[in-house]
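Numbering (the working numbering), first residue to last: 7 to 114.
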């Protein structure tokens with residue numbers, strides 16, 4: 007199998023655009039990238055069993071921070087060598103390092 011290689015990476019505002027060397031073009035929403043974060047903490051959270059009965063909130067009129075109402079956006083995006091990208095998000099999460107193979111898989 008040929009090594010994965012990107013021709014172009016761009017932030018379109020709503021999505022991360024990936025143009026692969028083999029011609030495939032993918033658009034992945036920032037919320038999908040955040041939801042599928044490959045870091046150890048997020049992996050553990052995704053593997054937790056779903057409670058049988060939903061937990062009812064103690065305060066139905068809880069005050070939330072304005073930032074929690076905004077769509078997830080990248081605050082930082084940097085290459086890690088030639089095999090991955092580290093992405094920090096507007097919700098404060100910054101420990102995800104997305105390998106090229108992970109990005110390719112998320113985009114499918």
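Backbone N, C-alpha and C fix where the C-beta goes; we use that ideal spot for every residue, glycine too.
Computed from a prediction, not measured in an experiment: that's the story for all the values here.
Given residue i as reference, the closest of the options once Cα atoms are compared
i           : options              : result
residue 25  : 13, 17, 36 and 19    : 13
residue 102 : 88, 113, 114 and 82  : 82
residue 132 : 69, 108 and 45       : With the chain running from 7 to 114 in the structure shown, residue 132 is simply not present.
residue 76  : 85, 87, 97 and 84    : 97
residue 11  : 71, 53, 100 and 90   : 90
residue 42  : 85, 78, 87 and 86    : 78
residue 9   : 107, 56, 113 and 112 : 107
residue 105 : 47, 39 and 20        : 39
Endpoints, alpha helix (DSSP H) assigned at residue i
i           : result
residue 24  : It is not in any alpha helix (DSSP H) - residue 24 instead sits in the beta strand (DSSP E) that spans 21-26.
residue 112 : 106-112
residue 52  : 46-53
Residue i beta carbon near the ligand SAM (any heavy atom closer than 8 Å)
i          : result
residue 78 : Absence of the ligand SAM from the depicted structure is noted, as is the absence of any ligand whatsoever, leaving it without description.
Residue i, enclosing beta strand (DSSP E) - first and last residue
i          : result
residue 30 : Unbroken run through residue 30: none, as it is neither H nor E.
residue 15 : 12-17
residue 37 : Residue 37 -> not in any beta strand (DSSP E); alpha helix (DSSP H) instead, spanning 36-41.
Residue burial classification, residue i (beta-carbon count within 10 angstroms, cutoff 16)
i          : result
residue 58 : exposed
residue 30 : exposed
Cutoff 8 Å; reference residue i; Cβ partners in own chain excluding five residues on either side
i          : result
residue 18 : 33
Other residues of its chain near residue i: CB distance less than 6 Å, five sequence neighbours each side excluded
i          : result
residue 86 : 92 and 103
residue 37 : 78
residue 84 : 92
Proximal residues to residue i (C-beta, below 7 Å), its chain only, five neighbours per side dropped
i          : result
residue 71 : none
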